[in-house]
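Using numbering that gives the first Met the number 0, read the sequence shown as starting at 0 and increasing by one per residue.
The C-beta atom is built at its ideal place from N, Cα and C for all residues, glycine as well.
Computed from a predicted model, the values in this text were never measured in an experiment.
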Amino acid sequence: MISVILLEKISKLGNIGQEVKVKDGFARNYLIPNKKAIRASEENKKFFEQKREELVKINDEKIKIATEKLKKVPNTINIIREASEQGALFGSVTARDIAKEIKIDDIEVSAKDVIIKSIIKNVGEFQVKIVLHPEVSKEINVIVEKSEESLKN
Numbered sequence: 000m001i002s003v004i005l006l007e008k009i010s011k012l013g014n015i016g017q018e019v020k021v022k023d024g025f026a027r028n029y030l031i032p033n034k035k036a037i038r039a040s041e042e043n044k045k046f047f048e049q050k051r052e053e054l055v056k057i058n059d060e061k062i063k064i065a066t067e068k069l070k071k072v073p074n075t076i077n078i079i080r081e082a083s084e085q086g087a088l089f090g091s092v093t094a095r096d097i098a099k100e101i102k103i104d105d106i107e108v109s110a111k112d113v114i115i116k117s118i119i120k121n122v123g124e125f126q127v128k129i130v131l132h133p134e135v136s137k138e139i140n141v142i143v144e145k146s147e148e149s150l151k152n
């Protein structure tokens, strides 16, 4: 385990400036290269204290941008798929499919921003969470319907 100082809020880990212990690989391969954290040495603690205001300002700007983006995300998304008479889909609806539907409305949302409680394999209405920042999220309805070809058969 290694101690790092977080440079931004990371869900399920901590807030800006918080010193946390994480696995070596997580720090080396994700947090440090992506500039989300720095090693918790005395030198880096002093460096962080000097940069704290700037980092908080950057984080506030990210929250503002994410909030504006989230306002444009529709509350309901309709997805049409081939399905059996019982309503079972031929395939499934994934986070990537939902992100693609949102992207149609000129809003850039990646699959990693879409959180589905369980795999969608049936026709129906489902709750999905869109998380654009650890502090900014929105629940939307995803309505999965049978395609016209499925209804004819």
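Legend entry - Residue environment, Asp112, which counts as buried when at least 16 other CB atoms sit within 10 Å: Taking all protein chains shown into account, Asp112 has 16 or more neighbouring C-beta atoms within 10 Å of its C-beta and is therefore buried.
Inset, instruction - Sort out for me which residues DSSP pairs Asn121 with in a bridge. - result: BP columns for Asn121 point to Ala87.
Legend entry - Asn77, DSSP secondary structure in three states: Collapsing the DSSP output to three states places Asn77 in a strand.
Legend entry - Per-residue DSSP class, three states only, for Glu202: Limits of the chain in this structure are 0 at one end and 152 at the other, which puts residue 202 out of reach.
Inset, instruction - Whole angstroms is fine: what's the gap from Lys8's alpha carbon to Pro133's? - result: Roughly 7 Å between the two C-alpha positions.
Inset, instruction - Could you tell me whether the Cβ atoms of Ile31 and Val72 are closer together than 9 Å? - result: For Ile31 and Val72, no; Cβs fall outside 9 Å.
Inset, instruction - Verify the CB distance criterion: does Ser91 have a CB-CB separation below 9 Å to chain D? - result: The chain inventory of the structure shown lacks chain D, comprising one protein chain alone.
Legend entry - Selected residue, minimal CA-CA separation from Gly86, among Val122, Ala110, Gln126 and Glu67: Closest by alpha carbon: Val122.
Inset, instruction - Taking Ala36 as part of the beta strand (DSSP E), name the residues at either end of that continuous run. - result: Run containing Ala36: Ala36 to Arg38, per the beta strand (DSSP E) assignment.
Legend entry - Val141, buried or exposed, once every other Cβ within 10 Å from all chains shown has been counted against 16: Residue environment for Val141: buried (at least 16 other C-beta atoms within 10 angstroms of its C-beta).
Inset, instruction - Find the nearest neighbour of Lys45 within the set Gly16, Asp59 and Lys63, judged by alpha-carbon distance. - result: Nearest option by C-alpha distance: Gly16.
Legend entry - Through-space distance from Lys61 to Val3, alpha-carbon basis: Cα to Cα, Val3 sits roughly 22 Å from Lys61.
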